[in-house]
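Trainee: Residue numbers (my numbering): 4 to 602. Yeah, the Cβ is synthetic: ideal placement off N, Cα and C, and Gly gets one too.
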Amino acid sequence: MMQPSPRSGTDLVLGAIAILILLSGVLWLGGAISALLSQHKIPDGHFFAGLSSLSDPSDPSKSWHTPVGSSVLYWSVTSLVVGVAGLLTFLGVRLFRNVFSGTLNKSPLKAQGLASRSEIRVAASQKSLMKRASTLRPSLLKPKPGDIGYLIGIGNGIPCWASVEDSMLLLGPPRSGKGTNVVIPMILDAPGALVTTSTRPDNLAVTFDARKKRGPVAIFDPQGLARSASLPSTMKWSLTRGCIDPQNAIVRAEALVGETLKSGVENGSFWRQQALAVTRALLQAGALDNRPPSDLYRWSHFAGAAKEAVNILSTNNGSTPGWGSALDAIISADQRTRDSVWAMVANTFAPLSDPSVLASVSPRENESFDPQTFLKENGTLFLLGSASGASSTSTLVAALIEDVINAARHEAAKCIGQRLDPPLSLVLDEAANYPLPSLPSLMSEGGGSGIMTLAVLQSLSQARDRWGREAAGAIWDSAIIKIVLGGSSNADDLSDISRLIGDRELKEWSETRQGGLGCSMSSSTKRIPILEPSEIRKLPIGHGLLLLRASAPVIVRLQPWTKRKDRKELIASKSRFEETIDTGEPSCDDICEGVQEHA
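1. Count the other CB atoms, across all protein chains shown, that sit within 10 Å of the CB of Leu549; report buried if there are 16 or more and exposed otherwise.
2. Please name the residue or residues paired with Lys341 in a DSSP beta bridge.
3. I need the boundaries of the alpha helix (DSSP H) containing Trp164, first residue and last residue.
4. Helix, strand or coil for Leu361 per DSSP?
5. Just to check my reading of the structure: Trp164 and Val364 have Cβ atoms closer than 8 Å, yes? What is that Cβ distance to the nearest angstrom?
6. At what residue ranges does the segment 160-212 contain a whole run of the alpha helix (DSSP H), taking only runs of 4 or more?
7. Do three or more CB pairs link the segment 28-43 to the segment 74-81 at distances below 8 Å?
8. Short check: CB of Ser464 to CB of Asp496, under 9 Å?
9. Say the cut is 8 Å; is the CB of Arg339 nearer than that to a heavy atom of the ligand HEM?
10. Need the endpoints of the alpha helix (DSSP H) that Ala256 sits in, please.
11. Give every residue of the same chain whose Cβ lies closer than 6 Å to the Cβ of Asp432, excluding the five residues on either side of it in the sequence, and list them in chain order.
12. Would you kindly work out how many angstroms separate the C-alpha atoms of Met133 and Pro148, rounded to a whole number?
13. So, do the segment 190-200 and the segment 414-430 have three or more beta carbon pairs nearer to each other than 8 Å?
14. Quick check on Lys571: buried or exposed, where buried means 16 or more other Cβ atoms within 10 Å of its Cβ?
15. Three-state secondary structure (DSSP) at Tyr153?
16. Mind checking which residues open and close the beta strand (DSSP E) that includes Ile222?
17. Pull up the distance between the alpha-carbon of Leu40 and that of Leu76, whole angstroms please.
18. When the Cα of Leu399 is compared with those of Asn381, Pro438 and Glu508, which residue comes out closest?
19. Between which residues of its own chain and Arg560 is the CB-CB distance below 8 Å, once the five residues before and five after are set aside?
20. Once the 5 residues before and after Arg676 are set aside, which same chain residues still bring their CB inside 8 Å of it?
21. Using a Cβ-Cβ cutoff of less than 6 Å, which residues in the same chain neighbour Val29 once the five nearest sequence positions on both sides are dropped?
22. Taking buried to mean at least 16 other C-beta atoms within 10 Å of its own C-beta, is Glu582 buried or exposed?
23. Check this for me: beta carbons of Thr351 and Ser170, under 9 Å apart or not?
24. Please classify Leu107: does DSSP put it in a helix, a strand, or coil?
25. By how many angstroms is the C-alpha of Leu488 removed from the C-alpha of Ile504?
26. From the DSSP output, in three-state form, read off Gly597 for me.
27. Give me the Cα-Cα distance between Ile190 and Val348, rounded to the nearest whole angstrom.
28. With 16 other CB atoms within 10 Å as the buried threshold, where does Asp569 fall?
29. Output needed for Thr282: all residues of its chain with C-beta closer than 7 Å, excluding positions within five of it in sequence on either side, in chain order.
30. Is Ile247 closer than 9 Å to Gln287 when the C-beta atoms are compared?
31. Can you give me the C-alpha to C-alpha distance between Ser603 and Gly476, rounded to a whole angstrom?
32. Hey, Leu534 and Ile478: beta-carbon distance below 9 Å or not?
33. Starting from the Cα of Ile222, find the closest Cα among Ala21, Ala346, Ser501 and Ile404 and give me that residue.
34. What three-state label does DSSP hand Met455 in the structure shown?
35. May I have the straight-line CA-CA distance separating Lys577 from Ala416, to the nearest angstrom?
36. Under the DSSP definition of a beta bridge, which residues are partnered with Leu239?
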């Protein structure tokens, strides 16, 4: 069998001839330019005349048989020509290899098939954002970009903006830069009222002072997660606030009960509906009779004790018809049914077993948080809570968020175009820890009411585990803007995203050797992913894959808070917060300033 060799004799001869021609051309061009610069005419010698100058470098004019300038000028010009020719040759060979190998840009940051500059200008530029200003914020005569949008990052050299009506979903595993590059900048730039969640006080440390300049700031930390920092919760919220209204009671119950039963539990939907019926009835009874949350906690532990709630609902004209009898029917049901339902009800109110949690939802008169005032004063609400442990407060935090959202919808109905102005921003860091029942609908239609939502998740699988496959799919589909960070290890999610981005055409070239007669080239075209799953996984820290509406994907360089113009002030604020942690002596005046006005 004949073994193919890397280079045939024919190739070597052809290569030598090519080098000889290139060298002759460079020397001839150097002589021509040198002659012109020395006030002489271009040499009339043949194309290979320049090669003779190599025989006598000290006198190029002698070799050319015509004046071409001094040897210093000649060789300086020729060296420059050689350098330029070498650079062009290098770039040409590199381009040739890349094109023929289909790897024009091996870096995912510049992969073929990503959005062009013109596409980015149409979909996400500042100019395209400003065209929508009159719709987004009709109350502003001369809005600035920051009044109606958020800067996401720089894509292909162009700043990419999201509007205040765009719902956003951020996917990034732990330590992928979610907080530094996206969450904290959005907290800082929210133009109106802001509600933000976290399981740690990190975001609070950087943004607390900055948000105080925009309006009142409150901290709801029923578990005392920041207690190690000697940072107390600065507001209390009534668990039964507004629950005389049946709609409020229904929404509150949905958030408190949450998804207590995993899919696959026999008759899970039935048991959950029964628990919801009990919970909303207890909430309304507590609101009607001005009962403290401790009474609701007592009712939740023994069905017989809840007879008090039945009496309240049966005798009060403000109760919702049928709720009292429905509660009584469950209390009077057979023991197995009653005990099964009451086990879920007890679990719903279990966080109140922690005295600190109970105190945080038991405000004194005129001490309770008022969402309407909060919205009007462009306040900021930091919510700290955990989804784990016996005193998990994730459902309480979710219920408080739903209360603010409900108030925002009512306020929006009074505004021009039924759009809250300035908008409410929901920056939900670790959103899976606070499973808002309304999140799927918020992502799809909240922006039209002036409610901008950023949901931050570690992965799509985390969303499926928390909300279920269908609801998680709705959250993903409804997000107008999707930002995917590198570092994910879920192969299925990465493959789904790669398929969503789409394919591009790749032209492949093949070489056929024909013995000593040379070779022929042929090409074929196939389709490959614009970004392979592995390329998405390997996106560097500080960059993100931006999927915006129907536009081509964009790799953006995110804008971390540490690179902002006001970074020195933010770093100083963070240092003061950390000193508070170290000394355990916070300034109550600083922490509580402006809170009690609306808390």
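Mentor: So, to answer that:
1. Within the sequence shown, residue 549 is the residue found at index 546, counting from 1. That one is buried.
2. As a first step, residue 341 must be located in the sequence shown, where it is residue number 338. The sequence as given places Arg at residue 341; Lys does not occur at that position. None, per the DSSP bridge assignment.
3. In the sequence shown, residue 164 corresponds to position 161, counting from 1. From DSSP, Trp164 is part of no alpha helix (DSSP H) but of the beta strand (DSSP E) over Ile161 to Ser166.
4. Locating residue 361 in the sequence shown gives position 358, where the first residue counts as 1. It is helical.
5. Taking the sequence shown and counting its residues from 1, one reaches residue 164 at position 161. Taking the sequence shown and counting its residues from 1, one reaches residue 364 at position 361. Wrong, their Cβ atoms sit about 39 Å apart, outside the cutoff.
6. 187-192
7. yes
8. As a working mapping, residue 464 is identified with position 461 in the sequence shown. As a working mapping, residue 496 is identified with position 493 in the sequence shown. For Ser464 and Asp496, yes; Cβs fall inside 9 Å.
9. Questions concerning the ligand HEM fall outside what the structure shown contains, since it holds no ligand whatsoever.
10. Position 253 of the sequence shown, counted from the start, is the residue given in the question as residue 256. Segment Pro249 to Val260, the alpha helix (DSSP H) holding Ala256.
11. For this step, residue 432 is matched to residue 429 along the sequence shown. Contacts found: Val186, Thr200, Ser201 and Val459.
12. In the sequence shown, the residue the question calls residue 133 occupies position 130. In the sequence shown, the residue the question calls residue 148 occupies position 145. Near 7 Å, if we compare the C-alpha coordinates of Pro148 and Met133.
13. yes
14. For this step, residue 571 is matched to residue 568 along the sequence shown. So Lys571 counts as exposed.
15. The residue labelled residue 153 in the question sits at position 150 within the sequence shown. In the structure shown, the three-state DSSP call for Tyr153 is strand.
16. Reading the sequence shown from its first residue, position 219 is the one you call residue 222. Note, Ile222: beta strand (DSSP E), Val220 to Phe223.
17. Within the sequence shown, residue 40 is the residue found at index 37, counting from 1. Within the sequence shown, residue 76 is the residue found at index 73, counting from 1. Their backbone Cα atoms lie some 9 Å apart in a straight line.
18. For this step, residue 399 is matched to residue 396 along the sequence shown. Minimum Cα distance to Leu399 is reached at Pro438.
19. Within the sequence shown, numbered from 1, the residue matching residue 560 stands at position 557. Excluding sequence neighbours, Arg560 sits near Gly156, Ile157, Gly158, Gly545 and His546.
20. Given that the chain is displayed from residue 4 to residue 602, the structure contains no residue 676 and the question cannot be resolved.
21. For the purposes of this step, residue 29 is taken as residue 26 along the sequence shown, with counting starting at 1. Once the five neighbours on either side are set aside, the close Cβ partners of Val29 are Val84, Val85 and Ala88.
22. Taking the first residue of the sequence shown as 1, we reach residue 582 at position 579. The residue is exposed, with fewer than 16 neighbouring Cβ atoms inside 10 Å.
23. Looking up residue 351 in the sequence shown gives position 348. Looking up residue 170 in the sequence shown gives position 167. No. Outside cutoff.
24. Here residue 107 corresponds to residue number 104 of the sequence shown, with the count starting at 1. No answer about Leu107 holds up, because its pLDDT of 45 lies below 50 and its placement is not dependable.
25. Stepping through the sequence shown from its first residue, residue 504 is reached at position 501. Stepping through the sequence shown from its first residue, residue 488 is reached at position 485. Spanning the two alpha carbons is a distance of roughly 14 Å.
26. Here residue 597 corresponds to residue number 594 of the sequence shown, with the count starting at 1. Low per-residue confidence applies at Gly597: pLDDT is 39, beneath 50, and the placement is therefore not dependable enough to give any value.
27. Here residue 190 refers to the residue found at position 187 when the sequence shown is read from its first residue. Here residue 348 refers to the residue found at position 345 when the sequence shown is read from its first residue. The straight-line gap from Cα to Cα measures roughly 35 Å.
28. On the sequence shown, position 566 is the one that residue 569 refers to. Classification of Asp569: exposed, given that the 10 Å Cβ count is below 16.
29. Your numbering for residue 282 matches position 279 in the sequence shown. Once the five neighbours on either side are set aside, the close Cβ partners of Thr282 are Ala256, Leu259, Val260, Val348 and Thr351.
30. Counting from one through the sequence shown, the residue named residue 287 turns up at place 284. Counting from one through the sequence shown, the residue named residue 247 turns up at place 244. Gln287 is a Cβ neighbour of Ile247, given a cutoff of 9 Å.
31. One cannot answer for residue 603 here, as it falls past the ends of the chain, which runs 4 to 602.
32. Working through the sequence shown from its first residue, we reach residue 534 at position 531. Working through the sequence shown from its first residue, we reach residue 478 at position 475. Against a cut-off of 9 Å, the Cβ pair of Ile478 and Leu534 comes out as no contact.
33. Within the sequence shown, numbered from 1, the residue matching residue 222 stands at position 219. Selected option, being the one with the closest Cα: Ile404.
34. The sequence position of residue 455 within the sequence shown is 452, counting from 1. In the structure shown, Met455 sits in a strand (DSSP, three-state: E or B).
35. What you label residue 577 is simply residue 574 of the sequence shown in a count that begins at 1. What you label residue 416 is simply residue 413 of the sequence shown in a count that begins at 1. Lys577 and Ala416: Cα-Cα distance of roughly 38 Å.
36. Within the sequence shown, numbered from 1, the residue matching residue 239 stands at position 236. The sequence shown places Lys at residue 239, not Leu. In DSSP, Lys239 forms a bridge with Ser371.
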